[in-house]
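S.K.: Please read through the structure below; I'll follow up with questions.
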Amino acid sequence: MKTTKAEPRIVVDWTACDGRGLCAELLPEMVSRDEWGFPLIPEPTVPASLRDHADRAIAACPRLALRLVRT
Amino acid sequence: MTTLFDEHVRIDAEVAAQGALMGPSPASQRELQAHLLAHGAVPAVDARTVLRLAIDSGLTGHGGAGFPLHRKLEAVNAARGRAIVVANGAEGEPASAKDRWLLARRPHLVLDGLQLVARATNATDAYLYANHRVDVAVLTDLLAERRRARLDRVSVTVVAAPDTFISGEETAVVGHISGTAALPRFKSPRVTERGVRGRPTLVSNVETLALLALIARRGAAWFRSAGTPDAPGTMLLTVGGAVRAPGIVETGHGTPLADVLALAGGPLTQLQAVLLGGYHGTWLTAGEAATAKLSRSDLAPLGASPGAGVVVAMGHGTCGLVEMSRVMSYLAEESAGQCGPCLNGLPRIATQLKSVAFTGGNQQAVAEMRRLAGLVVGRGACHHPDGSMRFLGSGLRVFAAEVELHLAGRCSRTSGDVVLPTAVTR
Chain C
199 MKTTKAEPRI
209 VVDWTACDGR
219 GLCAELLPEM
229 VSRDEWGFPL
239 IPEPTVPASL
249 RDHADRAIAA
259 CPRLALRLVR
269 T
Chain P
2 MTTLFDEHVR
12 IDAEVAAQGA
22 LMGPSPASQR
32 ELQAHLLAHG
42 AVPAVDARTV
52 LRLAIDSGLT
62 GHGGAGFPLH
72 RKLEAVNAAR
82 GRAIVVANGA
92 EGEPASAKDR
102 WLLARRPHLV
112 LDGLQLVARA
122 TNATDAYLYA
132 NHRVDVAVLT
142 DLLAERRRAR
152 LDRVSVTVVA
162 APDTFISGEE
172 TAVVGHISGT
182 AALPRFKSPR
192 VTERGVRGRP
202 TLVSNVETLA
212 LLALIARRGA
222 AWFRSAGTPD
232 APGTMLLTVG
242 GAVRAPGIVE
252 TGHGTPLADV
262 LALAGGPLTQ
272 LQAVLLGGYH
282 GTWLTAGEAA
292 TAKLSRSDLA
302 PLGASPGAGV
312 VVAMGHGTCG
322 LVEMSRVMSY
332 LAEESAGQCG
342 PCLNGLPRIA
352 TQLKSVAFTG
362 GNQQAVAEMR
372 RLAGLVVGRG
382 ACHHPDGSMR
392 FLGSGLRVFA
402 AEVELHLAGR
412 CSRTSGDVVL
422 PTAVTR
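Sequence order for the protein chains is C and P. If you want the working numbering, it's the position in the first sequence, counting the first as 1, plus 198. If you want the working numbering, it's the position in the second sequence, counting the first as 1, plus 1.
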């Protein structure tokens, strides 16, 4: 399989997420919440300008449900 | 014959247009002697040869996703640790019976195939994960007989799959065998890297393994003599609904859907629609069904795929919305309940669909279903929300006229027959 160094994307582990919403508070540029409180990330690719905020949101998730992947 | 399976899927016909697994006759080869008489022993092939056969034959998975077997083998071999192999016969799909047919009629081909992938991956442990309706004691006896005949290098443990729709999902299989729960998990790392008890694991559908057992005997070119160049080989289909002789059919990839319906005795009444690929599958109109061919590339423009080989014919006189409503409620119940959008969204969609199907509903209910569908697609650990919404979305398209009829307070249903079986378990 060919590996290319793709832009990092935020991925949600839906089995871990229980919709606490810290991600939406810390990264409102990318994350909003649906009517049940679960994150909505219409464009998961993280622009360089938001990388620090994204890292903070990922680290702050009490359920460790967010990951940054490059595939 | 029906008693072999269950009350939900009728088996009146076992026919092969191109018979690999079904040939020379659909009679049982459960006795080891019958199996060896029909097929002979598996040739003593080494790991490299098995991989070569998987590549040259173009064998892809028959559990639904159609992933090439050789890529799974390569992924397991590239991972660190002693490998585990699993024959997946969970068949949680209520409209499917072909895996149970195999375990009842061709168990030794499945077990031969399991040994071949064990050899290809140098696996030390093997499991047969069987549908909950299959008698585990019978399979265990077969394994004991094989052991006495020194057929199996790697010993096989039979595990009964729980009676849930998603029990055959790869990560759920791994969870159940590992002793946790038959629930899907986050897909990274892949089970080929970290599967059963953290070890590299190959999970392969029982039909795929049975085909591999034949390929090892007859060669890749034999396999490619059926099907099409880009979709070689044969597949088993469970054909149900409004056909004269519902049952298990074997045919080459790329066979016209109309021919498949003819093999099952032909439509009982004028065809209204066909469901392809089961309850995570796609509805086709009668017009589309008349020209569709059963291969991934032929069906892609229709948003469909052969999936795990479920074909359900629906005739006139049946209401597509009533049928879909029962299935949507079932799918909502069968959510593993782990992922918020699926847990919350599917029941609400099922409620809206029920209102349209049984009380006429209104435009808002239809719009709300579409809006909620947008909220669940792509937001789960497994394929359940996406597959369920493919079923819903394609059905709303195919039964658009029926929706209008319901909104006007009418329904085209004239028969009380249930076309789509649902085994309500909870």
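From the three backbone atoms N, C-alpha and C, an ideal C-beta is built for every residue, glycine too. On a predicted model such as this, the values are computed, not experimentally measured, just so you know.
(1) Evaluate the contact criterion for the segment 288-301 of chain P versus the segment 44-60 of chain P: three or more CB pairs, one atom per stretch, below 8 Å.
(2) Can you tell which of 88/P, 207/P and 190/P has the C-alpha that lies nearest to the C-alpha of residue 200/P?
(3) Taking only the alpha-carbon atoms, compute the straight-line gap between residue 72/P and residue 383/P and give it to the nearest angstrom.
(4) Pull up the distance between the alpha-carbon of residue 3/P and that of residue 365/P, whole angstroms please.
(5) Apply the 10 Å Cβ neighbour rule to residue 99/P and answer buried if 16 or more other Cβ atoms are within range, or exposed otherwise.
(6) Return the first residue and the last residue of the alpha helix (DSSP H) that residue 72/P is part of.
(7) Give the residues of chain C in contact with residue 365/P, contact being defined as C-beta atoms less than 9 Å apart.
(8) Just to confirm, is the Cβ distance from residue 347/P to residue 386/P under 9 Å?
(9) Measuring CB to CB, does residue 159/P end up less than 9 Å from residue 129/P?
(10) Could you tell me which of 221/P, 214/P and 14/P sits nearest to residue 41/P, measuring between CA atoms?
(11) Enumerate in chain order the residues of its own chain whose CB-to-CB distance from residue 234/C is below 8 Å, with the five nearest sequence positions on each side excluded.
(12) Using the three-state DSSP reduction, which class does residue 102/P fall into: helix, strand or coil?
(13) Under a Cβ-count criterion, where at least 16 other Cβ atoms within 10 Å of its own Cβ denotes burial, should residue 360/P be classed as buried or exposed?
(14) The ligand GDP and residue 332/P: does any heavy atom of the ligand fall closer than 8 Å to the residue's C-beta?
(15) If the cut is a Cβ gap below 8 Å, which residues of chain C does residue 361/P touch?
(16) Taking 7 Å as the limit between beta carbons, can you name the residues of its chain near residue 259/C, skipping five residues before and five after?
(17) Is residue 88/P helix, strand or coil when you go by DSSP?
(18) So, does the segment 312-332 of chain P touch the segment 77-84 of chain P, judging by three or more C-beta pairs under 8 Å?
(19) By the criterion of Cβ-Cβ separation under 7 Å, what are the contact partners of residue 340/P in chain C?
(20) Is any beta-carbon of chain C found at less than 9 Å from that of residue 345/P?
(21) If I measure Cβ to Cβ from residue 358/P and keep anything under 6 Å in the same chain, skipping five residues before and after, which residues do I get?
(22) Out of 59/P, 13/P and 43/P, point me to the one whose CA is closest to residue 234/P's CA.
(23) For residue 267/C, decide whether its Cβ has a neighbour in chain P, counting only Cβ atoms nearer than 9 Å.
(24) From residue 268/C to residue 227/C, what does the alpha carbon distance come to, in whole angstroms?
(25) Going along chain P, which residues have a C-beta under 8 Å from residue 216/C?
(26) Which first and last residues belong to the beta strand (DSSP E) in which residue 284/P is found?
(27) In angstroms with no decimal places, state the Cα-to-Cα distance between residue 97/P and residue 29/P.
(28) With DSSP collapsed to three states, give me the class of residue 126/P.
(29) Would you list the one or two residues that DSSP bridges to residue 206/P?
(30) According to DSSP, is residue 223/C part of a helix, a strand, or is it coil?
(31) With DSSP as the reference, identify every bridge partner of residue 17/P, one or two as the case may be.
(32) Excluding sequence positions up to five away, which residues of its chain have a Cβ less than 7 Å from the Cβ of residue 204/C?
(33) Leaving out five residues before and five after residue 284/P in sequence, what residues of the same chain have Cβ atoms less than 6 Å from its Cβ?
(34) Between 252/C, 207/C and 247/C, which has its C-alpha nearest residue 223/C's C-alpha?
(35) Looking at the unbroken alpha helix (DSSP H) that takes in residue 50/P, where does it start and where does it end?
(36) Do residue 252/P and residue 39/P have their C-beta atoms closer together than 9 Å?
M.R.: So, from the listed chains and residues:
(1) no
(2) 190/P
(3) 20 Å
(4) For residue 3/P, the predicted structure reports a pLDDT of 42, less than 50, and the residue's modelled location is therefore unreliable. The matter cannot be settled from this model.
(5) buried
(6) 70-79
(7) Within 9 Å Cβ-Cβ: nothing; residue 365/P doesn't reach chain C, min ~16 Å.
(8) yes
(9) yes
(10) 214/P
(11) 217
(12) helix
(13) exposed
(14) Annotation note on the ligand GDP: not contained in the displayed structure, which lists no ligands.
(15) By Cβ distance, chain C contributes nothing, its closest Cβ being about 26 Å from residue 361/P, past 8 Å.
(16) 220 and 221
(17) strand
(18) no
(19) 212 and 213
(20) yes
(21) 322, 323 and 326
(22) 59/P
(23) yes
(24) 20 Å
(25) 341
(26) 283-286
(27) 19 Å
(28) strand
(29) 89/P
(30) helix
(31) 251/P
(32) 268 and 269
(33) 274, 276, 395, 396 and 399
(34) 252/C
(35) 48-58
(36) no
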